[in-house]
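Engineer:
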Amino acid sequence: MPLKSLLGALTLSLLGSAAWAHHGWSAYDADKVMKLETTLTDVQYRNPHAQVKIEHQGREWDVILAPTRRMESRGLPKEALTKGKSVKIEGYPRRDGTPEIRAERITVDGKTIELR
Numbered sequence: 002m003p004l005k006s007l008l009g010a011l012t013l014s015l016l017g018s019a020a021w022a023h024h025g026w027s028a029y030d031a032d033k034v035m036k037l038e039t040t041l042t043d044v045q046y047r048n049p050h051a052q053v054k055i056e057h058q059g060r061e062w063d064v065i066l067a068p069t070r071r072m073e074s075r076g077l078p079k080e081a082l083t084k085g086k087s088v089k090i091e092g093y094p095r096r097d098g099t100p101e102i103r104a105e106r107i108t109v110d111g112k113t114i115e116l117r
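Residue numbers (this note's numbering): 2 to 117.
#1: How many whole angstroms separate the CB atoms of A51 and L66, which I take to be in contact at a CB cut-off of 8 Å?
#2: DSSP beta-bridge partners for T42?
#3: My output table needs one value for T69: the three-state DSSP class, helix, strand or coil.
#4: State the Cα-Cα distance for the pair H57 and K79, rounded to the nearest angstrom.
#5: Name the residue from P49, D43 and R96 whose alpha carbon lies nearest to the alpha carbon of V88.
#6: Which one of A28, L116 and T39 has the shortest CA to CA distance from R75?
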């Protein structure tokens, strides 16, 4: 295989992997709304989406939030999300049973932030 073709195939493969790693919203069940009052066990304030971890039903759950810029513009700065903080989260679980939630809104310090 010529080098140019090999590099093209490798590039397409890597782009496909990146797209797969990004969370497609169809993977979440919008018919099963979860409303949880919980404590944050970990916070990852980064793009493409901020993410927190919580304990629910004896399992650790990942909660996918919004992009950091959107959260900040809606009044949720990085400093408001800290490990140990009590929050309310409303969102949808993954359809495949993976302990992960796509959050629609989060309430921190009595303020509700719409994430979508």
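Even glycine gets a Cβ: it sits at the ideal position worked out from N, Cα and C.
Note that the structure is a prediction, hence the values are computed from the model and not measured.
Structural biologist: Looking at the coordinates:
#1: Right, the Cβ-Cβ distance comes to about 4 Å (below 8 Å), so this counts as a contact.
#2: T42 is bridged by DSSP to nothing; it lacks a bridge partner.
#3: T69: helix per DSSP, three-state reduction.
#4: Taking the straight line joining both Cα atoms gives about 23 Å.
#5: The alpha carbon of V88 has as its nearest neighbour, out of P49, D43 and R96, the alpha carbon of D43.
#6: Out of A28, L116 and T39, L116 has the C-alpha closest to the C-alpha of R75.
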